[in-house]
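Accompanying notes for the structure given below.
Numbering (mature numbering (1 follows the signal peptide of the UniProt record, and there is no 0)), first residue to last: -17 to -1, 1 to 217.
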C-alpha cells in the first residue's frame, strides 16, 4: 500500500504532453469530494497523475475546489442524492465554452445511505446520463459502479443498483451515446475510513479503475480531444 501511494507522487513529477488533452469533470458526492480523507484529494489527484504519466495534458474542472494541490476542481457535493447532484451541476453540464471531454460519474451512494428514491435510483442515474449526453454529445461519460459500503443494508442496495447499471449503459451505447462502464470492485470495505469514504489507498484503486476505462475508450476511438482554451495543470 505505501509503495503504491509513493508511486503517485513519482507519477506526478513526470509530464510529457503528447497524447489526447483531457478536460475532466469529476461528478459525484462526498466520495468524489474527498470527505474525511486528510488530503481532501479523493481519487482526483491520483487519476490526474496516472494520466499525466501517460502523456495526457489534464485539466480538472468544476465549481467546487477541494484538495491540497492547484488542479483540484470537481462538481462534488456532500450528502447529495443523484437528483441533487444534477441540480447543482447544471451550470457545468451545460457550459458552451471549454466543455469537458470526459465526465467521471460516481453517484447514488447517498440515495441508499439516507433512504431517498432507493428503488428508482437506477432511473435517476439514467436521467442524469440522458441529460449529460443531450448537452454534451461529444463527451465521454465514464460511469462507475459504486464502491462498497460497510453497512450491510446499504451495501445490499448498492449491489442491486450496480447490477442494473450495465444494461442502462448498453441501451444508450446502442443509441450512439459515448458512455463506458467502469467497475470499482478493487475497492474493499477494508479500504474505507468510516464505512463509506475511502482512505488514500482506496482512492488510488478508484483512480486505477478510472484510468483503465479512459485508456480503453481512447484505444477504441471514442475519446475526442478537449476543445477551447486549455490549461494543463499539475
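Just so you know, even glycine gets a beta-carbon here, dropped at the ideal spot from N, CA and C.
Nearest-angstrom beta carbon gap, residue j and residue i [assumed within contact, 8 Å]
i	j	result
residue 108	residue 62	Incorrect: roughly 18 Å between the Cβ atoms, too far for contact.
residue 209	residue 2	The Cβ separation is near 12 Å, so there is no contact.
residue 45	residue 58	4 Å
residue 15	residue 89	6 Å
Cross-strand partners of residue i (DSSP beta bridge)
i	result
residue 89	11
residue 58	10
residue 42	6
residue 48	56
Outcome for residue i when other beta-carbon atoms lying within 10 angstroms are tallied against a minimum of 16
i	result
residue 204	exposed
residue 82	buried
residue 200	buried
residue 145	buried
residue 120	exposed
residue 11	buried
residue 129	buried
residue 214	exposed
residue 13	buried
residue 227	Past the edges of the chain, shown from -17 to 217, lies residue 227, and the structure says nothing about it.
Are the region 164 to 173 and the region 186 to 201 in contact at 8 Å, needing three or more beta carbon pairs?
Two segments are said to touch when three or more pairs of C-beta atoms, one from each, lie closer than 8 Å; by this definition the region 164 to 173 touches the region 186 to 201.
Jot down the residue ranges of each uninterrupted beta strand (DSSP E) in the region 146 to 205, minimum 3 residues, whole runs only, in chain order.
Whole beta strand (DSSP E) segments, 3+ residues: 162 to 165.
At a cut of 8 Å, does the region 113 to 125 reach the region 156 to 166 through at least three beta carbon pairs?
These segments touch.
In chain order, what are the residue ranges of uninterrupted alpha helix (DSSP H) at least 4 long that sit wholly in the region 96 to 154?
Taking 4 residues as the shortest admissible run, the region 96 to 154 contains the following complete alpha helix (DSSP H) segments, listed from N- to C-terminal end: 104 to 118.
Pairs of beta-carbons, one from the region 25 to 35 and one from the region 66 to 73, closer than 8 Å: are there three or more?
In this structure the region 25 to 35 does not lie against the region 66 to 73, because fewer than three pairs of beta carbons, one per stretch, are closer than 8 Å.
Taking contact to mean 3 or more Cβ pairs, one atom from each stretch, closer than 8 Å, check whether the region 89 to 105 and the region 72 to 80 are in contact.
Contact between the region 89 to 105 and the region 72 to 80 is absent: fewer than three C-beta pairs spanning the two stretches fall below 8 Å.
Can you find at least 3 beta carbon pairs, one from the region 46 to 56 and one from the region 15 to 26, that sit closer than 8 Å?
Under the Cβ criterion (8 Å, minimum of three pairs), the region 46 to 56 counts as touching the region 15 to 26.
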